[in-house]
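Residue numbers (mature numbering (1 follows the signal peptide of the UniProt record, and there is no 0)): -19 to -1, 1 to 55.
Glycine included, every Cβ here is placed at the ideal spot set by N, Cα and C.
Here the structure comes first, spelled out in structure tokens, and everything after it is commentary.
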């Protein structure tokens, strides 16, 4: 009985090792045009930084955080 179970496990492992690799469900690289940027000096500075680098400032992430969402213009 132990021999049969061991043989079954070994055959299953060998069959899995020889099978073709599965295609990925999504692309390897994911790119985004939105970023959260740490700007401790406030929203006016965040607006200036965004404009200087070709981004739109979409506002502060939360009331307690000093992170602002930037989105690249197309």
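Roughly how many angstroms lie between the CA atoms of residue 36 and residue 45, to the nearest whole one? Here residue 36 is taken as the residue at index 55 of the chain shown, counted from 1. Here residue 45 is taken as the residue at index 64 of the chain shown, counted from 1. Distance between the alpha carbons of residue 36 and residue 45: 23 Å.
By how many angstroms is the C-alpha of residue 42 removed from the C-alpha of residue -18?
-> Along the chain shown, read from residue 1 onward, the residue named residue -18 stands at position 2. Along the chain shown, read from residue 1 onward, the residue named residue 42 stands at position 61. Cα to Cα, residue -18 sits roughly 59 Å from residue 42.
**Prompt:** Name the DSSP beta bridge partners of residue 17, please?
**Reply:** Residue numbering aside, residue 17 sits at position 36 when the chain shown is read from its first letter. Paired residues: 50.
Do residue 18 and residue 51 have their C-beta atoms within less than 8 Å of each other? Here residue 18 is taken as the residue at index 37 of the chain shown, counted from 1. Here residue 51 is taken as the residue at index 70 of the chain shown, counted from 1. If you check the CB distance, residue 18 and residue 51 come in under 8 Å.
_CA-to-CA distance, residue 16 to residue 7, given in whole angstroms_ = Within the chain shown, numbered from 1, the residue matching residue 7 stands at position 26. Within the chain shown, numbered from 1, the residue matching residue 16 stands at position 35. Taking the straight line from one Cα to the other gives about 21 Å.
Exercise for review: Could you pull the start and end residues of the beta strand (DSSP E) that residue 23 belongs to?
Suggested key: As a position in the chain shown, residue 23 is number 42, starting the count at 1. Note, residue 23: premise wrong, no beta strand (DSSP E); not H, not E.
Check your understanding: Counting along the chain, where does the beta strand (DSSP E) carrying residue 40 start and finish?
Key -> Here residue 40 is taken as the residue at index 59 of the chain shown, counted from 1. Start and end: 36 to 41.
| message | For residue 28 and residue 4, what's the separation of their Cα atoms in angstroms? | response | Looking up residue 28 in the chain shown gives position 47. Looking up residue 4 in the chain shown gives position 23. Approximately 43 Å between the Cα atoms of the pair.
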